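Only one structure is covered here, and it is reproduced in the block below.
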Amino acid sequence: MKLFSYKLSQIHLVLLIAGFLTLTGNFTFFEKTLLVYPLFENLFFLGSLFLFLFTFLAALLLLICYKKSTKPILILLLLTSSLVSYSTNNYGIVFDHNMITNTFETDTSEFLDLVNYKSILYFLVLGLLPSFIVFKVELKKLKLNAQFLQRLKYFIVLVVVFVVVVLSFSKHYTSFARENRDLRLYINPTYYLYSAAKFIDSKITTSAAPFKVIGLDAQINKKSDKRRLVVFVIGETVRRDHMSINGYDLQTNPYLEKEEVISFKNLTSCGTDTAWSVPCMFSLLGRDEYSHAKGKNMSNVLDLISHAGASVIWYENNSSSKSVADRIAFKDYRTSKQNSICNPECRDEGMLVNMQSYIDDQNDKDTLIILHTMGSHGPAYYKRYPEEFEVFVPVCKTSQLNECNDQEISNAYDNTILYADYFLSKVIGLLKRNSQQLDTAMFYVSDHGESLGENGLYLHGMPYFMAPDEQIDVPAVMWLNDSMSKVFDVESIKKKEELPLSHDNLFHTLLGLMDVETKLYDESLDLMSK
């Protein structure tokens, strides 16, 4: 049985799908536009916006959909756009090229956290069902000349309508482009297609660029007779305003509050997502200069410290090192094969179980250990901590955050920080047990922050120019044992607690912590310097 009693031409199918995508994929775009342009005062302009989006998308599809490629392109677009619509409508996520990078680097557990009945419903209704119709519909077979003329005719009509729409509301569109450029980031599917093209270009550029070795003059110049042991902990998705050691009204840091720690209360991240922030925070390049093409093709601070003669190892319990640990020792704690504390999620504290053996095996070498934690990764915050750490209640027990109230989301998130606090106390405990023989230190910095529903935003990954403070203000906590406190002027370090700092400081601070000298070192960016 035929799905339709008549056939469709390729052109008509393209126009139908363009209309469907424009109508169903831009709810958040029009919702945010209405906040700037009230409906009854801008009724005709808002109507023109629909025509603007439709004609642009339809013209674009007419250029790329041809013969046998038409159905596969339209189906891929429908399936992808349904997932983008779900993420944007429910979490406020913007799919710029950084978010595209994050998407491709997401592991299975992170992906499953985003799967729920609503995401499945979006995928079925907006993706799978129309894709099935596109697959089953029978297309008219036209001669090459007739098809070309039909395509040209419709393309010219679309372009003319597009131009007329823009010229008719030129003042509105000029104002729209100049004063509300962030709104374009929510246009589905054209903006994520543009971002995907940038992502592909970035990948090609990064892979083609030659690797630049820097810091070959790096060497250790010890400031004490003791062997050095430093543990650098990368927090995940932690915002500094939810740390009680920074003044948060709930006690999320009962363990750290008992320790002599230094908390840098005004530090910002390099990016708003892990894929960008992690390689950036170890790079010599500052936030303003960093790109994957340059940063990933250049030695990072861990390479320099390893070259200088220290033992450097990366312990992984997140998604990956984002290429940072490609040239150093690496241990994967994401499965029960290596991690003995999984219930069922593998916990960060599992990375500490056999760490003492590794420390002992390094003989007389200074040692830097990187712990990449799972931390507070959303949206399933309730999965990020063992049951005994569910202190703040009630909690949001779903990854569909907009179905929970703000307090439930905040409580679940705060429980993750409570567990991270416990984990950091165990790191400090391990360092204390080695403090008789070694100079020991812990430095904890989160990769980026998190939105918990403020202004309708959830999670992270907003473009930096429009990212809220919640996504870029991160905690940074340092602990030094007694001998390290004597090597470095701890009172001088404490004076920097309130200064405006950033991930740009980390490259030089890690060099300082490990007593590594190189011409690349900038003392003014080293938190350990006087």
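Numbering follows my numbering, in which position 344 of the sequence shown is assigned residue number 684; successive positions increment by one, without gaps.
We treat Cβ as the ideally placed atom computed from N, Cα and C, and that holds for glycine.
Bear in mind the structure is a predicted one, so any value in this text is a computation, not a measurement.
Alpha carbons only, please: which of the options is nearest the one belonging to residue i?
i, options, result
"Ile653", "Ile709, Asp672, Leu492 and Glu600", "Ile709"
"Leu841", "Ala816, Tyr534 and Thr858", "Ala816"
"Ala807", "Ser680, Tyr588, Phe516 and Thr612", "Thr612"
"Lys598", "Ile585, Leu644 and Glu727", "Ile585"
"Ser609", "Ser786, Leu452 and Ile433", "Ser786"
"Arg580", "Asp761, Asp628 and Phe488", "Asp761"
"Ile433", "Pro684, Val767, Met802 and Ser825", "Met802"
"Thr780", "Ala399, Lys411 and Trp819", "Trp819"
"Leu464", "Glu656, Ile415, Leu865 and Ser449", "Ile415"
"Ile681", "Asn637, Gly690 and Phe392", "Gly690"
"Glu880", "Val767, Ile768, Pro684 and His712", "Here the chain has residues from 341 to 870 only, and residue 880 is not among them."
"Leu692", "Asp672, Leu644 and Lys705", "Asp672"
"Ile768", "Leu850, Gln696 and Val827", "Gln696"
"Val497", "Tyr532, Thr395 and Asp436", "Thr395"
"Leu851", "Leu867, Glu837 and Lys836", "Leu867"
"Lys411", "His717, Lys458, Gln702 and Val477", "Val477"
"Val354", "Val641, Ile812, Leu402 and Thr514", "Leu402"
"Asn382", "Phe516, Thr420, Ile540 and Asp706", "Phe516"
"Val618", "Val573, Phe551, Lys826 and Ile357", "Val573"
"Ile351", "Ser409, Leu379, Arg667 and Pro378", "Ser409"
"Leu400", "Thr420, Ser422, Gln702 and Val499", "Val499"
"Asn751", "Arg724, Arg773 and Gln776", "Arg724"
"Val571", "Asp589, Leu865, Thr546 and Asn821", "Asn821"
"Leu741", "Thr530, Thr428 and Leu846", "Thr428"
"Lys834", "Ser603, Leu865 and Asn438", "Ser603"
In the DSSP output, which residue or residues are listed as bridge partners for residue i?
i, result
"Ala816", "Phe604 and Val785"
"Gln559", "Glu857"
"Met868", "Bridge partners of Met868: none, in fact."
"Tyr682", "Note that residue 682 corresponds to Cys in the displayed sequence, not to Tyr. Answer by DSSP bridge pairing, in chain order: Cys686."
"Leu348", "Leu479"
"Met638", "Lys552"
Does DSSP put residue i in a helix, in a strand, or in coil?
i, result
"Ile653", "strand"
"Val733", "coil"
"Thr675", "coil"
"Ser623", "coil"
"Lys882", "This structure does not reach residue 882, given that the chain is present from 341 up to 870, and the question cannot be answered."
"Leu792", "strand"
"Asp779", "strand"
"Lys480", "coil"
"Ala669", "strand"
"Leu356", "helix"
"Lys538", "helix"
"Leu797", "coil"
"Lys552", "strand"
"Met806", "helix"
"Ser842", "strand"
"Met583", "coil"
"Leu590", "coil"
"Met341", "Confidence at Met341 is low in this model, with a pLDDT of 45, below 50, so its placement is unreliable and the value that follows should be read with caution. In the structure shown, Met341 sits in coil (DSSP, three-state: anything other than H, G, I, E or B)."
"Leu851", "helix"
"Glu743", "helix"
"Glu629", "coil"
"Val465", "helix"
I'd like the span of the beta strand (DSSP E) that includes residue i, first residue to last.
i, result
"Arg567", "Arg567 to Gly575"
"His712", "Thr707 to His712"
Kindly indicate the opening and closing residues of the alpha helix (DSSP H) around residue i.
i, result
"Lys511", "Ser510 to Glu519"
"Gly387", "Leu383 to Ile404"
"Ile334", "No answer is possible for residue 334: the residues shown for the chain start at 341 and end at 870."
"Pro412", "Thr410 to Tyr431"
"Gly635", "His632 to Gly635"
"Met695", "Met695 to Asp701"
"His886", "The chain is shown from 341 up to 870; residue 886 falls before or after that span and cannot be answered."
"Glu727", "No alpha helix (DSSP H) holds Glu727; DSSP gives it neither H nor E."
"Tyr762", "Asp746 to Arg773"
"Ser825", "Asp822 to Val827"
"His437", "His437 to Phe444"
"Ile833", "Val830 to Lys834"
"Phe370", "Phe367 to Val376"
"Thr612", "Where Thr612 is concerned, there is no enclosing alpha helix (DSSP H), given that its DSSP letter is neither H nor E."
"Thr738", "Unbroken run through Thr738: none, as it is neither H nor E."
"Ser659", "First-last for Ser659: undefined, no H or E at that position."
"Asp453", "Thr448 to Asp453"
*asked:* I'd like to know if the segment 441-448 and the segment 386-400 are in contact, where contact means that at least 3 CB-CB pairs between them fall below 8 angstroms.
replied: no
*Flag this pair as touching only if the segment 550-570 and the segment 743-763 have three or more C-beta atom pairs under 8 angstroms; answer yes or no.*
no
*So does the segment 663-677 actually touch the segment 528-538, counting three or more Cβ pairs closer than 8 angstroms?*
no
*Does the segment 449-460 come within contact of the segment 717-725, defined as at least 3 CB pairs closer than 8 angstroms?*
yes
*Please determine if the segment 498-508 and the segment 588-598 are in contact, where contact requires at least 3 C-beta pairs separated by less than 8 angstroms.*
no
*asked:* Using a Cβ distance threshold of 8 angstroms, determine whether the segment 542-554 contacts the segment 630-644, with at least three qualifying pairs required.
replied: yes
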